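Novice: The opening residue of the sequence shown carries number 404 in our numbering; numbering runs sequentially from there.
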Amino acid sequence: MDKKELLEKLSELEHEQWRHWALKLSSEFGKIRTYPQDATRIVDEILQRWQPNFVDYQNLPEKTKEFDREWARRVIKLIESL
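Structure, rendered in structure tokens:
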């Protein structure tokens, strides 16, 4: 596996981790509706903004994939430094 393939595999894993966290967080927010009105509105706006990213990595736009690649590059850099 070359470095570019590794970057994409790690990016996919990063997105999977984020999606798992975000979906869990969003389900928790969905259970709690005792926030002040402004906080509830902000949470709803965040979840609405995240909604398009609750897809598989392959279905993300390139611009969004780049966020995951940024974290994958950090992992590669760390491994290379060891």
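Glycine included, every Cβ here is placed at the ideal spot set by N, Cα and C.
Keep in mind the model is a prediction, meaning the values are calculated, not measured.
Starting from Leu481 and walking both ways along the alpha helix (DSSP H), at which residues does that stretch end?
Specialist: Here the alpha helix (DSSP H) through Leu481 covers Glu465 to Ser484.
Novice: Count the other CB atoms, across all protein chains shown, that sit within 10 Å of the CB of Arg476; report buried if there are 16 or more and exposed otherwise.
Specialist: When all chains shown are included, Arg476 counts as exposed.
Novice: Using the three-state DSSP reduction, which class does Val446 fall into: helix, strand or coil?
Specialist: Helix.
Novice: Check whether the Cβ atoms of Tyr460 and His423 lie closer than 8 Å to each other.
Specialist: Against a cut-off of 8 Å, the Cβ pair of His423 and Tyr460 comes out as no contact.
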